[in-house]
Amino acid sequence: MSACGCGQSPIMIGDCRPSKPACPPVACPGSKPCEHCETTPLRDSAPYRVTATASTTDPTPYYTIANTHAALDPVVARTILNSGTGVFPADDGTHNGQHTWLAGVVHIDPASLRGNPTEVTISASVHVHNDGRNPACRLYGRFALWNGTAPVRTDLLGPPDLPAGGDDNGVIPPTTVPLADVLAGRIVVELNLETGNDEGCRVGPKQWTVDSFVLTVQASAPGCGRPFLRTTCRDCDGTVTCTADTLDGSTPYAPVPPVIPVASCQDGCATARPPCISTDRGNAVTRGSDGCLYAPDTPSLDPSPCNAARNTTGGLLVPRIDLTGLAPGGNSGVERSVDIDVTGAPGCPERWEIGARLTPVSAFLNAERQHADLLARTGSDVPVPESDIVLPEAGVYHIDSDVRYALGSATGGSGYIIGWLRDETTDTLLTSFTQIAAINAARQEQQGGTTHIMTEYAVASGPRTVRLHLMFVLTGGKISDAEAGGTDSNGATRMRFLKVRD
1160 MSACGCGQSP
1170 IMIGDCRPSK
1180 PACPPVACPG
1190 SKPCEHCETT
1200 PLRDSAPYRV
1210 TATASTTDPT
1220 PYYTIANTHA
1230 ALDPVVARTI
1240 LNSGTGVFPA
1250 DDGTHNGQHT
1260 WLAGVVHIDP
1270 ASLRGNPTEV
1280 TISASVHVHN
1290 DGRNPACRLY
1300 GRFALWNGTA
1310 PVRTDLLGPP
1320 DLPAGGDDNG
1330 VIPPTTVPLA
1340 DVLAGRIVVE
1350 LNLETGNDEG
1360 CRVGPKQWTV
1370 DSFVLTVQAS
1380 APGCGRPFLR
1390 TTCRDCDGTV
1400 TCTADTLDGS
1410 TPYAPVPPVI
1420 PVASCQDGCA
1430 TARPPCISTD
1440 RGNAVTRGSD
1450 GCLYAPDTPS
1460 LDPSPCNAAR
1470 NTTGGLLVPR
1480 IDLTGLAPGG
1490 NSGVERSVDI
1500 DVTGAPGCPE
1510 RWEIGARLTP
1520 VSAFLNAERQ
1530 HADLLARTGS
1540 DVPVPESDIV
1550 LPEAGVYHID
1560 SDVRYALGSA
1570 TGGSGYIIGW
1580 LRDETTDTLL
1590 TSFTQIAAIN
1600 AARQEQQGGT
1610 THIMTEYAVA
1620 SGPRTVRLHL
1630 MFVLTGGKIS
1640 DAEAGGTDSN
1650 GATRMRFLKV
1660 RD
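Throughout the sequence shown, residue numbering follows the numbering used here, covering 1160 to 1661 in sequence.
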């Protein structure tokens, strides 16, 4: 048989060995097609790693534990999210149950995606060390995953009552989230640790060292997993005698179905993702039915002599606008906060000048009236309509008032005058009660003066009417004179407002 080739050594590929020695060549009498093995490059659907990072963000939306809260210094949070080492400082001991919080938005590199996955799997781990000086109280923190403001994973940190010097590892197990939510920046990793005192456990503040943060994101798509080799051996009758899957022709591998030939999945699994085409109506770039991008032809320009846009050898040229600062003169008024002046030479100028200046609305009012007799209405709200000021439009206003008063007793007595500002349009209190004057006299005493009331007030729409209100409160004895809100020979009640921002 050796003369016909049947004495050759068996072919060995991976674990696939022909069932018998190689068949004789066809030249041998009665021979059959020779037994052979084929190796085909394939790709399976195993999850693949996606490039991912986490950037620090405001942890306020994730405060869900009762009592007090503190946000970790953003610089320290950034260091921890970059796999560095950072410290959660101990509270000063005045806050019962205080936790300190860190939050990081998960970002992925779209260029590292293969195929068209609709979801990804996120997992994370972190190491924490209780620096002391006190033990932790029960389960003392949380390592969580959020989608927007909805918790996806809320894994508590343990073991309970971790002593000073103790270590723990927080883990977020593999969790599936929509890819669109990751790309929209809605997926957030959150870590909080108990840094304050906890009276329930009778423990004090503690500091933590946090390090070894690891974020893992994986995706999968049919045929976009790991490449491998499949070797198939057949006997002389074409019957498959064995099949072996390997990574490199020798290392065994168990592929994740479905399995697709490399030649048919290369384009669909390319790491370079196609560009995103805006659906805005003003976008003239379109994607054709063949999948290619088509840009519009050179635009047709209006031949009007006032059309400053024109085609040049370097491309389409559009007018340039220079901002030259404040323009002199103009149209200032109470209806606007900023005036804009645009000037240009007659005809079709190529250069324009634009100026702007701040013209905030404001007003000043003297209450030209006699003082209101507060004594006659002791204990009652006394509005002063003559003090009315009108806020004309939406915005934030600085409002202040000088309130003139007179207060006295002929025989001795005690009491006080209070004042406040109210939005009469919406019946809203602008300020708390302010003491305008007070008297506590054992015998005859007379006072007169001016007291200041000031506040900042935001209105959503105008107009709004703001009015001064006054009241006299008697606390003992007999008061012979209590009046305010008007003008006398020594001063006046004044109202002022100035819009400070929109």
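Note that CB positions come from ideal geometry on N, CA and C, so glycine has one too.
Query raised in the report: Can you name, in chain order, every residue of its own chain whose Cβ lies under 6 Å from the Cβ of Trp1579, other than the five neighbours on each side?
Result: Thr1590, Phe1592 and His1628
Query raised in the report: Just to confirm, are Gln1257 and Glu1349 a CB contact at a threshold of 9 Å?
Result: no
Query - Per-residue DSSP class, three states only, for Pro1276 - result: coil
**Report entry** Distance between Leu1550 and Met1613 (C-alpha atoms, nearest Å)
**Finding:** Going by the C-alpha atoms only, they are around 15 Å apart.
Query raised in the report: Quick one: any contact between the region 1624-1641 and the region 1537-1551, if contact means 3 or more CB pairs under 8 Å?
Result: yes
Query raised in the report: Leaving out the 5 sequence neighbours to the left and right, which residues in its chain are closer than 6 Å to Asn1599 when beta-carbon positions are compared?
Result: Ser1573
**Report entry** Contact set for Leu1476: own chain, Cβ-Cβ below 6 Å, skip 5 residues either direction
**Finding:** Arg1469
Query raised in the report: What's the C-alpha gap between Arg1202 and Glu1278?
Result: 20 Å
Query raised in the report: If you compare alpha carbons, which of Gln1603, Thr1652 and Val1287 is closest to Pro1248?
Result: Val1287
**Report entry** Residue interval of the alpha helix (DSSP H) (run including Val1362)
**Finding:** Element bounds for Val1362: n/a, residue is neither H nor E.
Query raised in the report: So Val1126 is in the beta strand (DSSP E); what residue range does that whole segment cover?
Result: Nothing can be reported for residue 1126, as the shown portion of the chain is limited to 1160 through 1661.
Query - Residues sharing a beta bridge with Val1376, DSSP - result: Val1209 and Ile1281
Query raised in the report: With distances taken from CA atoms, which of Ala1205, Gly1571 and Ile1577 is nearest Val1541?
Result: Ile1577
Requested in this report: Please name the residue, chosen from Arg1301, Thr1227, Pro1332 and Lys1637, that lies closest to Gly1566 on a Cα-to-Cα basis.
Outcome: The question names Gly, but residue 1566 in the sequence shown is Leu. Leu1566 has its Cα closest to that of Lys1637, out of Arg1301, Thr1227, Pro1332 and Lys1637.
Query - Nearest-angstrom beta carbon gap, Thr1609 and Asn1525 [assumed within contact, 8 Å] - result: Actually they are not in contact, since the Cβ atoms of Asn1525 and Thr1609 sit about 13 Å apart, beyond 8 Å.
Report task. Indicate whether at least one CB of chain D lies closer than 9 Å to the CB of Gly1635. Result -> Included in the structure is just one protein chain, with no chain D present.
Requested in this report: For Leu1588, count neighbouring Cβ atoms within 10 angstroms of its own Cβ and tell me buried if that reaches 16, exposed if not.
Outcome: exposed
**Report entry** Supposed close pair Leu1261, Pro1218 - CB separation, criterion 8 Å
**Finding:** 6 Å
Query raised in the report: Tell me the DSSP bridge mates of Arg1616?
Result: Per the sequence presented here, residue 1616 reads as Tyr, with Arg not at that position. Looking at the DSSP assignment, Tyr1616 forms a beta bridge with Tyr1556.
Query - Assigned exposure category for Phe1523 - 16 Cβ within 10 Å defines buried - result: exposed
Report task. Using DSSP bridges, identify the partner residues of Thr1593. Result -> Gly1578
Requested in this report: Spell out a yes or no on whether the region 1370-1384 and the region 1300-1310 are touching, meaning 3 or more CB-CB pairs, one atom from each, closer than 8 Å.
Outcome: no
Query raised in the report: With burial defined as no fewer than 16 other Cβ atoms inside 10 Å of the residue's Cβ, what is the status of Cys1465: buried or exposed?
Result: Counting every other CB atom within 10 Å of its CB across the protein chains shown gives Cys1465 a total below 16, marking it as exposed.
Query raised in the report: So who's on the other strand from Asn1306, going by DSSP bridges?
Result: Ala1309 and Ile1346
Requested in this report: Would you identify the three-state DSSP class for Tyr1221, choosing helix, strand or coil?
Outcome: helix
Query - DSSP beta-bridge partners of Val1444 - result: Note: Val1444 sits in no beta bridge, so no partner.
Report task. Please name the residue or residues paired with Gln1529 in a DSSP beta bridge. Result -> DSSP, once it has assigned bridges, lists no residue as partnering Gln1529.
Report task. Measure how close the beta-carbons of Pro1276 and Ala1380 come, nearest whole angstrom, since I'm counting them as under 8 Å. Result -> 5 Å
Query - Start-to-end residues for the alpha helix (DSSP H) that takes in Ala1236 - result: Pro1233 to Leu1240
Report task. Run the CB neighbour count on Thr1259, radius 10 Å, all protein chains shown included, and call it buried at 16 or more, exposed below. Result -> buried
Query raised in the report: Touching or not, the region 1404-1422 and the region 1197-1211, by the rule of three or more beta carbon pairs under 8 Å?
Result: yes
Report task. Indicate whether Pro1332 and Arg1312 have their beta-carbon atoms separated by less than 9 Å. Result -> yes
Query raised in the report: Ordered along the chain, which non-local residues of its own chain (more than five positions away) have a Cβ less than 7 Å from that of Ser1568?
Result: The beta carbon of Ser1568 is closer than 7 Å to those of Ile1598, Ala1600, Gln1603, Glu1604, Gly1636, Lys1637, Ile1638 and Ser1639 in its chain, skipping five residues each way along the sequence.
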